[in-house]
Amino acid sequence: VYLIVYAATNLGMFAVIIAVSRKTRSGQIESFGGLFSYAPALGVTATVFLASLAGIPPLGGWIAKFGAFQALLTSGSGWGYGLAVIGAVNSVIAFGYYGVVMREIWMKPAPYGDTTPIRTPASIGLALGISTVATLVLGVLPGVAMYFGDLARITGAFGS
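Numbering (the working numbering) for the sequence shown: 828 to 987.
In structure tokens, the structure reads:
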């Protein structure tokens with residue numbers, strides 16, 4: 828589940844970055860300034876992806892982080908507890924970083940006052956649609972990914 832969720836979430840966020848950088852010609856955080864004001868769909872989807880990466884429920888990233896921390900804490904080893912602490916500290920640091928980007932999207936003005944709409948190619952729109960649905964569905968219904976994981980094991984699809 829972890830890999831599926833993070834693949835979908837990162838694919839979606841990179842699609843947003845590509846769309847924004849095509850307009851602003853920059854990959855800097857400031858290039859996301861005012862994104863919601865001139866590209867609301869991109870602003871909302873970027874926020875969904877960032878919140879998922881931060882592990883905010885009920886998004887897919889929450890389920891992925893929960894599963895990872897649960898595995899570490901139920902391992903019963905000192906290494907598991909140590910890695911859980913490191914993971915928790917890393918999550919807090921990452922949340923701070925994602926919060927900076929979200930603040931740019933929602934609260935800052937557009938760079939150079941340029942509020943012309945972003946033209947998103949169909950391929951990026953498709954990637955955004957699929958990854959947004961996956962991030963939301965896998966957060967609310969994580970059993971979907973678990974079911975297909977079990978189905979692959981049961982049918983021997985991966986040679987096991």
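Heads up, the beta-carbon is just placed ideally off N, CA and C, and yes, glycines get one too.
Everything numeric in this text was worked out from a predicted model, so none of it was measured.
query: So is Y925 buried or exposed if we call it buried at 16+ other beta carbons inside 10 Å?; result: buried
query: Taking the CB atoms as reference points, tell me whether L886 and L955 lie closer together than 8 Å.; result: no
query: Assuming V847 contacts I945 (C-beta within less than 8 Å), just tell me the rounded distance between them.; result: 7 Å
query: When you compare only the Cα positions, how much space is there between K892 and G882?; result: 6 Å
query: Could you work out which residue in P884, L830, L877 and F841 is closest to G966 when comparing CA atoms only?; result: P884
query: Assuming G914 contacts A895 under a Cβ cut-off of 8 Å, what Cβ separation, rounded to an integer in Å, is found between them?; result: 7 Å
query: Going by beta carbon distance, what residues of the same chain come within less than 6 Å of F863, once the five residues before and after it are set aside?; result: G870, I932 and W933
query: At the level of alpha carbons, what is the spacing between A835 and V928?; result: 19 Å
query: For V971, collect the residues of the same chain with a Cβ closer than 8 Å to its Cβ; drop the 5 residues on either side in sequence, then sort them by chain order.; result: V964 and L965
query: In the DSSP assignment, find the unbroken alpha helix (DSSP H) run with A894 in it and report its ends.; result: Position check: residue 894 holds Gly in this sequence, whereas Ala was assumed. Looking at the DSSP string, the run of the alpha helix (DSSP H) that includes G894 is G887 to L900.
query: Exposed or buried, which one is S879 when buried takes at least 16 other CB atoms within 10 Å?; result: buried
query: Could you check how far apart the C-beta atoms of G839 and K935 are, in whole angstroms? I think they sit under 8 Å.; result: The Cβ separation is near 21 Å, so there is no contact.
query: Among the candidates Y974, A949, M973 and P969, whose CA atom is the shortest distance from the CA of V843?; result: A949
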